[in-house]
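Structure, as structure tokens:
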Amino acid sequence: MITVEHLTKRYGDFTAVDDLSFEIQEGHVYGFLGPNGAGKSTTMNIMTGCLSPTEGSVRIYGHDIFQEPNQAKRLMGYLPEQPPLYLNETPEEYLRFVGEAKGLRGAGLAEQIQAVVEQTRLREVYRKPISALSKGYKQRVGIAQALLGDPKVVILDEPTVGLDPLQIIEIRELIRQLGRDRTVILSSHILSEIQTMCDQILIIARGKLVAFDTPEGLERALLAPSEIALTAEAPANQVEQVLGEIDHIVDTQLTPQADGTVAVKVKTDGDSIYDVSRAIFFAFARRNQALLEISLKKANLEDIFLELTEGTEAAPAPEAQKEVDET
Amino acid sequence: MTAIFKHELRSYFHSLTAYVFGAFLLAFIGIWAMIYNIQAAVSNFEYVLSSGSLIFVVIVPILTMRVIAEERKQKTDQLLYALPITTTQVIMGKYLALLTVYLIPLAVVCVYPFIFAQFGEVYLLTAYGSILAFFLMGAAFLALGMFISSLTENQGFAAGIGIAVILFNYYSVSLSEYVSATAMGSMIALLVIALLVGVLIRHLTGNENLAFVVCLVLMAAVAVCYLTDSAAFEGLLPKVMSALSLFERFNAFVNGMFDLTAVVYYGSVIAFFLFLSVQSLEKRRYN
Numbered sequence: 001m002i003t004v005e006h007l008t009k010r011y012g013d014f015t016a017v018d019d020l021s022f023e024i025q026e027g028h029v030y031g032f033l034g035p036n037g038a039g040k041s042t043t044m045n046i047m048t049g050c051l052s053p054t055e056g057s058v059r060i061y062g063h064d065i066f067q068e069p070n071q072a073k074r075l076m077g078y079l080p081e082q083p084p085l086y087l088n089e090t091p092e093e094y095l096r097f098v099g100e101a102k103g104l105r106g107a108g109l110a111e112q113i114q115a116v117v118e119q120t121r122l123r124e125v126y127r128k129p130i131s132a133l134s135k136g137y138k139q140r141v142g143i144a145q146a147l148l149g150d151p152k153v154v155i156l157d158e159p160t161v162g163l164d165p166l167q168i169i170e171i172r173e174l175i176r177q178l179g180r181d182r183t184v185i186l187s188s189h190i191l192s193e194i195q196t197m198c199d200q201i202l203i204i205a206r207g208k209l210v211a212f213d214t215p216e217g218l219e220r221a222l223l224a225p226s227e228i229a230l231t232a233e234a235p236a237n238q239v240e241q242v243l244g245e246i247d248h249i250v251d252t253q254l255t256p257q258a259d260g261t262v263a264v265k266v267k268t269d270g271d272s273i274y275d276v277s278r279a280i281f282f283a284f285a286r287r288n289q290a291l292l293e294i295s296l297k298k299a300n301l302e303d304i305f306l307e308l309t310e311g312t313e314a315a316p317a318p319e320a321q322k323e324v325d326e327t
Numbered sequence: 328m329t330a331i332f333k334h335e336l337r338s339y340f341h342s343l344t345a346y347v348f349g350a351f352l353l354a355f356i357g358i359w360a361m362i363y364n365i366q367a368a369v370s371n372f373e374y375v376l377s378s379g380s381l382i383f384v385v386i387v388p389i390l391t392m393r394v395i396a397e398e399r400k401q402k403t404d405q406l407l408y409a410l411p412i413t414t415t416q417v418i419m420g421k422y423l424a425l426l427t428v429y430l431i432p433l434a435v436v437c438v439y440p441f442i443f444a445q446f447g448e449v450y451l452l453t454a455y456g457s458i459l460a461f462f463l464m465g466a467a468f469l470a471l472g473m474f475i476s477s478l479t480e481n482q483g484f485a486a487g488i489g490i491a492v493i494l495f496n497y498y499s500v501s502l503s504e505y506v507s508a509t510a511m512g513s514m515i516a517l518l519v520i521a522l523l524v525g526v527l528i529r530h531l532t533g534n535e536n537l538a539f540v541v542c543l544v545l546m547a548a549v550a551v552c553y554l555t556d557s558a559a560f561e562g563l564l565p566k567v568m569s570a571l572s573l574f575e576r577f578n579a580f581v582n583g584m585f586d587l588t589a590v591v592y593y594g595s596v597i598a599f600f601l602f603l604s605v606q607s608l609e610k611r612r613y614n
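Residue numbers (the numbering used here), protein chains in the order written: chain C, 1 to 327; chain S, 328 to 614.
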């Protein structure tokens, strides 16, 4: 369990982290989401004792990271944004060093190294110099390092950045595995990644925590009911009549067009957007009236993310578009 | 600490550093041993060490330039901060590894006086006394070199500064004869030193106010002392310069004296720079 209280980090006049407070419970995968420069890395660096806060405290299972650093750090494994690897060493030598520095010795050390090498699938590159490894393997050596000492919490800063799609899938799979028996905290500026891997999301913007919820919770809480936009080739009163027969419609907004068609915006109650659009389609079809266009807009985290972090200069990558277009 | 020590030691022997360091040291001392002890048949091994000590200018920076600068450059210092070890343990582990690399060629040198003693009379006591002093002097330079490495992430820069500082230290006694010995000159030099101390504090702590206050207090103290007793400032600068010379202290041993104050002096220099290195590493957490 990690308790972060009133964390603030200032560099001169610039405030990187601004009065951040949250609590992390055992056994979840947490995601720090925010645009570049939002303060994700700074927060992680403070949580792991690499950086001192200007104000505030971090406690790992009751151990303050600055009062009792050794006890606190033993409970955590950290992979910084750039994996801290000694390039002229092999994973074997590197992992032995990290293990020893974490206080492991003898048979216990060998056993742990064996286990993390299996888990991160480093066996085939175990004796190759790290400098010769691909970026994906380097990242895995970095994760292996974090796992040594069997920490309860694993903190990964942008674990998939700069990897190719296949490597990203592998690392995500690995992180999902880790999440089964320990607490994982990872950061990313890519929304889809956080959405698929995490069961708790912390959105950070301009150093402030703007949201902390499950992905579903965020969607429910923040997004307006889902919307269907359609254009029908029929008089407005008929369109109104057809739509009136369909369930789950909360609101309709009709705009007659100059060419005799009607543009409609339909708001649904959120859960049954496909059923509603299907019902609309058949209702018009039964009357032999044409639907010239129908498009669905599902609730999506992208909008929440943009809404919450609006005003920051860096826009998120336009991935995870959940828009479905039908004509 | 043992983990850091073993890791550092392995990396020195993994790369060429340890071998280059040892080879340079042994070659240089070997040349002087040949000139003095064999060619000129002098029975004092300490003269060899005295002449050989100039090699520190080259080999200490070779060994120490990467010790912390490289960690910073490769961002592996993040790992050191995140591991459950203190910065003092990191510095001590690194320093002990440096000492070990230095001790290995020195152990070979220890055999020389003994071999020479088989073929003639050698003053073994003064020879081994000065080898000990030679070790302490080198250890002090290694601590200095490590501190310089902790100030930057550029190895080349660390090496350049290291060479300049040790070279200046080597010639500071000779130079001290040429600097102004007047009271006024000494006072100005002290004011400059006070300013440098302020800059160093500013760099290490990032606290401008503290640096400013310390600098101001030191300058005021110098000014007050100068106004009350300007005679004490006569010849102060040359004295300070020769007092700061690590090489100058070694001369006592070369002249056959086991100077305990010099041993304490070297010990203090080592402790001082190790302390500064820890602070320099610790400071990164606060920048």
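Where is the CB? At the ideal position from N, CA and C, for every residue including glycine.
- Contact of residue 410(S) with chain C is assigned, a C-beta pair being separated by under 8 Å.
- Residues 605, 608, 609 of the same chain have their beta carbon placed closer than 6 Å to that of residue 414(S), with the five preceding and five following residues left out of the count.
- Think of a sphere of 8 Å around the beta carbon of residue 403(S): the chain C residues whose beta carbon falls inside it are 84, 85, 86, in chain order.
- When rounded, the separation of the alpha-carbon atoms in residue 578(S) and residue 497(S) is 12 Å.
- Counting C-beta pairs with one atom in each stretch, the segment 354 to 361 of chain S and the segment 375 to 389 of chain S have three or more that are closer than 8 Å, which means they touch.
- Residue environment for residue 102(C): buried (at least 16 other C-beta atoms within 10 angstroms of its C-beta).
- For residue 163(C), there is no enclosing alpha helix (DSSP H), as DSSP marks it with neither H nor E.
- A Cβ-Cβ distance of about 6 Å is found for the pair residue 469(S) and residue 391(S), placing them in contact under the 8 Å criterion.
- Interface residue (Cβ-Cβ distance to chain S less than 8 Å): residue 128(C) is not classified as such.
- Beyond the five residues adjoining it in sequence on each side, residue 451(S) comes within less than 8 Å, by CB distance, of 440, 441, 444 in the same chain, given in chain order.
- Interface annotation for the segment 26 to 39 of chain C against chain S: empty, criterion Cβ-Cβ distance under 8 Å.
- In this structure residue 130(C) is not in contact with residue 69(C), their Cβ atoms being roughly 27 Å apart against a cut-off of 8 Å.
- Residue 76(C) counts as buried, since no fewer than 16 other beta carbons sit within 10 angstroms of its beta carbon.
- Look at residue 6(C) here: in three-state DSSP terms it is strand.
- Counting C-beta pairs closer than 8 Å gives fewer than three between the segment 412 to 431 of chain S and the segment 43 to 52 of chain C, which falls short of the contact rule.
- Within the segment 102 to 123 of chain C, those residues whose Cβ lies closer than 8 Å to any Cβ of chain S are, in chain order, 102, 103.
- With fewer than three CB-CB distances shorter than 8 Å, the segment 472 to 479 of chain S does not count as touching the segment 543 to 561 of chain S.
- Residue environment: residue 536(S) is assigned as exposed (fewer than 16 neighbouring CB atoms within 10 Å of its CB, all protein chains considered).
- When C-beta atoms of the segment 560 to 574 of chain S are compared with those of the segment 423 to 437 of chain S, fewer than three pairs fall below 8 Å, so the two segments do not count as touching.
- Here residue 22(C) is bridged, per DSSP, to 4(C).
- At least 8 Å separates the CB of residue 95(C) from every CB of chain S.
- Scanning the segment 459 to 525 of chain S for uninterrupted alpha helix (DSSP H) segments of 4 residues or longer gives 482 to 503, listed from N- to C-terminal end.
- For residue 78(C), the residues of chain S that pass the 7 Å Cβ criterion are 409, in the order they occur in the chain.
- The segment 415 to 424 of chain S makes no contact with the segment 501 to 519 of chain S, as fewer than three CB pairs between them are under 8 Å.
- Under the 8 Å criterion on CB atoms, residue 9(C) is classed as non-interfacial with respect to chain S.
- Below 8 Å, too few C-beta pairs join the segment 204 to 222 of chain C and the segment 54 to 72 of chain C to call them touching: fewer than three.
- Among the residues facing chain C, residue 331(S) is included, as its CB has a counterpart in that chain under 8 Å away.
- Segment contact: the segment 183 to 191 of chain C against the segment 226 to 234 of chain C, fewer than three CB-CB distances shorter than 8 Å; contact not assigned.
- Collapsing the DSSP output to three states places residue 56(C) in a strand.
- A direct Cα-to-Cα measurement between residue 37(C) and residue 158(C) gives close to 13 Å.
- Per DSSP, the unbroken beta strand (DSSP E) holding residue 31(C) starts and ends at 29 to 33.
- In this chain, the alpha helix (DSSP H) harbouring residue 379(S) covers 373 to 379.
- At least one beta carbon of chain S lies nearer than 8 Å to the beta carbon of residue 48(C).
- At a cut-off of 8 Å, the C-beta of residue 243(C) has no neighbouring C-beta in chain S.
- In terms of CA proximity to residue 297(C), 266(C) leads the group 266(C), 281(C), 305(C), 199(C).
- Neighbours of residue 74(C) across chain S, judged by C-beta separation under 8 Å: 411.
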